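With the first letter of the sequence shown counted as 1, position 344 gets the number 730 in the numbering used here; the numbers rise by one all the way through. Positions of the beta carbon are idealized from the N, C-alpha and C atoms, including for glycine. Being a predicted model, the structure only gives us computed values, none of them experimental. The structure under discussion appears below in the form of structure tokens.
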Amino acid sequence: MVGRIEDYALLGDLGTAALVAADGSVDWLCLPRFDSPSCFAALLGEERHGHWALAPVTPGAVLAGRRYLGDTLVLETRWRTATGEARVLDFMPQRSDERGREPPRLVRLVEGLTGRVELSSRLRVRFHYGRVVPWVRRTGHHRVAVAGPDAAWLSVPRGVHTYGAGEGADGCTRSDFAVTEGERLAFVLTWQPSHQDGAHRFDPERGLRQSLDAWEDWSARCRYRGPWQAPVLRSLLTLKALSYAPTGGIVAAPTTSLPEWLGGPRNWDYRYCWLRDASLTLAALLRGGYREEAASWRRWLLRAIAGERSGIQALYGVAGERALPETLADWLPGYEGSRPVRIGNAAVGQVQLDVQGEVADMLFRALEAGIPMERQVWSLLRSLMDTVAARWREPDEGLWEMRDGRRHFTHSKVMCWVAADRAVRMAERTGLPAPLAEWRALRDAVHADVCAHGYDAARGVFVQSYGATGLDAATLLLAQSGFLPADDPRVVRTVDAIREELDLDGFVRRYDPAVTEDGLPGPEGAFLACNFWLAEALALGGRPDEATEVFARTVAVAGPLGLLSEQWDPVAGRQLGNAPQAFTHVALVNAAFALDAPLNGG
């Protein structure tokens, strides 16, 4: 049985990520990149689909504690047995080499704390999402798993007995060993192309020190001040871990097909760079005091959309790839039977007009943070504005990526206004050449159109799409975007209506599926980012006590390590959807800054 989504720990090296269950099993890992085929896919199936378990074998062993060491991504898991206590330190050394030559590694360092503890490592490497059983051979104190273009090298401590796999024992490499007080043993799994011979030299103890120092140094730059320091910093660390250092791209989540409802088909691949999610992520990082990531992502953006003429895509690969076809991994049973398991995402072919607004807003925030407006960036903005001017009256699939046809979504129109507004403000600030009169007229026209057609005058609220009656949690962002003041009666009524009509046991749904047809069967959970949007809207509207209550309730559903997925099932009391989710952690950061604006210069 796989663990609950909220119980998985995240490890990352700024190139890919692993998920570690509370029982010590690494159940998900894609190598060498976030969007590469996995070598561990037990998260979406069974042990036979790939995992790496490391835990005591003594009957009665108990989990004595689990935490990240300080403000890092080094995971400590403590085990207690009748004969002693030990801990496992799991981490992935950061790959700081921008040329991508440093191979990805997963290190599992076992240390005896008291007495003597017997443990076992069980490694099943299964390439291509659990489908390919590699050929495993022994070479020195390494075991090497090879299949097609992939090779995984397991370095085993000298003196540790390793058996299986190559001798035909159900494809599992086993290591049985014991540690006593003060003894440390390191297991290292390294990926490299299968045509390369020999494993790179690596010192795990030095790698541990460097990992701790790198994460702590990064965390020390956080400039948030307030009572929510711990969840804000953990969120920022998570967002940083979802970045791909060689290019500057940022993925929406490191997983695919974790279900939005157990047993249902709402399972998507989020291991790509949504411009919306990445823009919001960079805005949150900038708010937290991190400028380098914004500059790096901006360079990624310029490369990714170079040559686009009819409008930018909603998402790209981590290196800017444009073709991300959606296929089904029908050999995987899915997380707790939730099928299908998807690889790729068909949303790449959708029209999502709000993206222009998110990108423009991020460029504006970068300018405000002191990042110079370069000539090619200004050219990009003008191209974005040409797209907005030409297409803002068109319907689209919207923020929620509807699969039943295009509509005139209110949020999409608002974000077209944001694009025009930010473009005007950047032109005014920089003095760079721009058709200011046209942009101002466009801004006014979009604003008037939204107020005329996205607003239900009879109910006094903004609706999901023109002519519709259903609500959309995305309209909680009206004040945050600057479209209308937070105390505007139309905004206040919309916030209160969403809070009442989209409620799911104290949590906010994106929309009501009974009112809004989205082209997909079955229910889904409450969307956690929407709860943080509600908290922010209440804070901006001068209702701090209500905002704090909503914020605290939402933070409380984080897993024991402070990680949040996409959705929440309040009845079953468990997280749903891909995890950890950048969108959710971004919303947490923004809401915290709104709650504590006086302490953070706001």
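- The beta carbon of A639 is closer than 6 angstroms to those of Y656, N964 and Q967 in its chain, skipping five residues each way along the sequence.
- For Y721 and L985, the gap between their C-alpha atoms comes out near 42 angstroms.
- Scanning W414, Q961, V957 and R939 for the CA closest to the CA of G945 turns up Q961.
- The beta carbon of W521 sits closer than 7 angstroms to those of V532 and A533, all from its chain and outside the five residues before and after it, given in chain order.
- Counting C-beta atoms within 10 angstroms of its own C-beta, L622 has 16 or more neighbours from the protein chains shown and is therefore classed as buried.
- DSSP, read as helix, strand or coil, puts A638 in coil.
- Between L417 and W577, the CB-CB gap stays under 9 angstroms.
- Relative to Q738, the option among C802, G756, P711 and F750 whose CA is nearest is C802.
- Taking 9 angstroms as the cut-off, the Cβ atoms of S507 and H527 do not count as close.
- The residue among L415, L461, R751 and A834 with its C-alpha nearest the C-alpha of G948 is L461.
- Judged by DSSP in its simplified three-state form, H586 adopts coil rather than helix or strand.
- A Cβ-Cβ distance of about 16 angstroms is found for the pair L687 and D740, leaving them out of contact under the 8 angstroms criterion.
- About 26 angstroms separates the Cβ atoms of S629 and E591, ruling out a contact at the 8 angstroms cut-off.
- Here the alpha carbon of A705 sits roughly 20 angstroms from the alpha carbon of R677.
- The Cβ-Cβ distance between A472 and E433 does not fall below 9 angstroms.
- Between D874 and E744, the alpha-carbon positions lie close to 23 angstroms from each other.
- By the CB criterion at 9 angstroms, Y658 and L625 fall outside the cutoff.
- Closest option to A865, judged by alpha-carbon separation, among E922, V894, R826 and Y852: E922.
- If you draw a 10 Å sphere on the C-beta of H581, you find fewer than 16 other C-beta atoms in it, and that means exposed.
- Assignment of beta-bridge partners to G501 by DSSP yields G470.
- Secondary structure at C659: strand, using DSSP grouped into helix, strand and coil.
- Taking 9 angstroms as the cut-off, the Cβ atoms of L822 and W778 do not count as close.
- Within the DSSP secondary-structure output, C416 pairs in a beta bridge with S424.
- Short of 8 angstroms from the beta carbon of P579, and not among the five residues preceding or following it, lie these beta carbons of its own chain, in chain order: P535, D536 and A537.
- Only residues of its own chain outside the window of five on either side were considered, and among them D399, L400, G401, E488, P490 and A631 have a CB closer than 7 angstroms to the CB of R481, listed in chain order.
- Per DSSP, the continuous alpha helix (DSSP H) segment holding D747 begins and ends at D740 to E754.
- For the pair L862 and W954, the CB atoms are not nearer than the 9 angstroms cut-off.
- Within the stretch 686-744, no run of alpha helix (DSSP H) at least 4 residues long lies entirely inside it.
- Relative to L449, the option among L440, D457, G456 and R464 whose CA is nearest is R464.
- Three or more beta-carbon pairs drawn from the stretch 846-859 and the stretch 887-896 are found closer than 8 angstroms, and the two stretches are therefore classed as touching.
- Rounded to whole angstroms, the gap between the alpha carbons of R544 and P651 is 47 angstroms.
- The stretch 594-614 makes contact with the stretch 969-979; the number of CB pairs closer than 8 angstroms reaches 3 or more.
- DSSP, read as helix, strand or coil, puts E932 in helix.
- Under the three-state reduction of DSSP, L397 is assigned to strand.
- In its chain, beyond the 5 residues on either side, L396, L397, G398, F477, M478, S597, W601, L623 and A627 have a beta carbon closer than 8 angstroms to the beta carbon of L459.
- A distance below 9 angstroms separates the beta carbons of A670 and V972.
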